[in-house]
Every structure is written in C-alpha cells, then in structure tokens.
Amino acid sequence: MSTVKKCRVGVLISGRGSNLQSLIDASFAESFPAQIVLVISNIEDSYGLARARTAGIPTRVISHKDAVGKNKPREDFDAELNAALHASNVEFVCLAGFMRILSDGFVRAWEGKLLNIHPSLLPAFKGTNVHERVIAAGVKQSGASVHFVVPELDAGPVISQSVVPVLAHDTPETLAARVLEAEHRLYPTALRLVCEGRARLEDGEAVFA
Ligand code: GRF
C-alpha cells in the first residue's frame, strides 16, 4: 500500500508533450509525491493528449478560440481552464509547453501552485526563440529552469535549474535537444520539491525548506 500522499496535479499543454511524459513517468513511481489527474490542451490534435490517454489520464480540450474561430477573451478562456481544474480537485498546475499567456487573475488565483518550465537559465533569455538567441549571444552555458509563475512572463522565482554546455558547432536544434533532455529530469525534481512543501512561494520569493 502506498504511504506517500500524492498531490493532485493538472498539466496544461499545447503540443508534443515530452515534458508531460516525463511527469507522467515520474508519477508512476509509488514514492513520487504527485499524480497527474488531468491534462488540458488548447489544441485538439496535440500529441501530448495521446500520451495522456495512453497513460489513462483524463484529458480535456479547451480551445482558446470560439465557435467562429476568433480568439476568446483571455478571461473567458482562463475561466474555463479554472473550472476544469477545480472540477478535478487539482492542487498544483504545471505548464508544459502551454502556448497561451494566462491572465493576471488566473495567475493570482493559483499563486504558489502554478509552475512553468522554460528552456533557458532564467532570468537570461526569457521569451521565445531562446536557443537561437543563446547561440547568437555566444554564451558557453545554457539550460532549463522551472519557476513559479507570476503575471510577468518568465519572470517568476526559480525553483530549480539544470545547466548544459553550449558546444562550438551547436545549431538551435542540437542545443534544444540537449536542453530538452535536461528538462525531462528537471521538471519531476522541481515538482517533487513543491509537492513535498520543500519549495514554496512566499512574498514573491522562492523559499526552500
Ligand atoms: C519545452 O522546451 C519547454 O521548456 C517549453 O516548451 C517546450 C515544450 O516541449 N516551455 P514539450 O511539449 O514538453 O515536448
């Protein structure tokens, strides 16, 4: 019988879902303190949904577009997300390649419970096209960060990071692949810290016990 009380986690995706897969794989271990209880995608044919179904995890598609293909008001979309997460009694939310910017209201409502993974050593290289910019900048190290989400994009307090080298002949693709491998180890580690109460958000800072 399992002795670890698992926290209930919802994962928000938009695409291939390889980080989702790393969280699913980790969650199968009896000693891992989280279970994925819901996967939501805003894109109907995202491969991550298939990964969730294969693992027997409930899925929802919540489109950011309305019936005529126009973007819904952000608050309406976020209210749908929020309702689905609460209906599944989700305690923590992991963004894993989720390509929508969340409203301040949603972020505040989930403060300290909302995590994101970003493929750089934050606060360096926030935003998109990270690997191109890392190579262009000529830095010798890059990596991945898991952080608490705050209203400002990619600006939340870092929970955990992983460093990888930038090699002489790297292309954005080769660097992305090296960083992605690191991401797959990092996200479960960071989620463990948060679920075990060993990392939390306090007064806008990440605090570690
Ligand atoms: C990852 O590189 C993640 O850091 C970024 O989006 C990508 C998602 O990849 N936020 P996947 O869908 O998890 O494979």
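Each residue of the sequence shown is one higher than the one before, counting from 263 in my numbering.
We put the beta carbon where it would ideally sit given N, CA and C, even for glycine.
Legend entry - residue 275 beta carbon near the ligand GRF (any heavy atom closer than 7 Å): Here residue 275 corresponds to residue number 13 of the sequence shown, with the count starting at 1. Answer for residue 275: yes, Cβ within range of the ligand GRF.
Inset, instruction - Find the nearest neighbour of residue 345 within the set 368, 385, 287, judged by alpha-carbon distance. - result: As a first step, residue 345 is located in the sequence shown; it is residue number 83 there, counting from the start. With distances taken between Cα atoms, residue 345 lies closest to 368.
Legend entry - Segment limits, alpha helix (DSSP H) that includes residue 414: Taking the first residue of the sequence shown as position 1, residue 414 is located at position 152. Careful: residue 414 lies outside any alpha helix (DSSP H) and carries neither H nor E.
Inset, instruction - Could you give the DSSP three-state label for residue 335: helix, strand or coil? - result: Residue 335 sits at position 73 when you count from the first residue of the sequence shown. If DSSP states are grouped into helix, strand and coil, residue 335 belongs with coil.
Inset, instruction - Report yes or no: do the segment 300 to 317 and the segment 381 to 394 share at least 3 C-beta pairs separated by less than 8 Å? - result: no
Inset, instruction - Leaving out five residues on either side along the sequence, give the residues of the same chain with a beta carbon under 6 Å from the beta carbon of residue 471. - result: If you number the sequence shown from 1, residue 471 lands on position 209. The residues are 460.
Inset, instruction - Please go through the same chain and pick out, in chain order, the residues whose beta-carbon is closer than 7 Å to the beta-carbon of residue 424, but skip the five residues on each side of it. - result: Sequence index remark: in the sequence shown, residue 424 carries index 162 (1-based). If we look at residue 424 and ignore the five residues flanking it on each side, its Cβ neighbours are 405, 406, 444, 447, 448.
Legend entry - residue 322 versus residue 427 - alpha carbon distance: The residue labelled residue 322 in the question sits at position 60 within the sequence shown. The residue labelled residue 427 in the question sits at position 165 within the sequence shown. Taking the straight line joining both Cα atoms gives about 37 Å.
Inset, instruction - Spatial neighbours of residue 467 within its chain, please: CB distance less than 7 Å, with the 5 preceding and 5 following residues excluded, ordered by chain position. - result: Here residue 467 refers to the residue found at position 205 when the sequence shown is read from its first residue. Answer for residue 467: 419, listed in chain order.
Inset, instruction - Using 7 Å as the cut-off, classify the Cβ of residue 278 as near or not near the heavy atoms of the ligand GRF, replying yes or no. - result: Taking the sequence shown and counting its residues from 1, the one referred to as residue 278 is at position 16. Yes.
Legend entry - Beta-bridge partners of residue 378, as assigned by DSSP: Numbered from 1 along the sequence shown, position 116 holds the residue referred to as residue 378. The partner list for residue 378 (beta bridge, DSSP) reads 357, 409.
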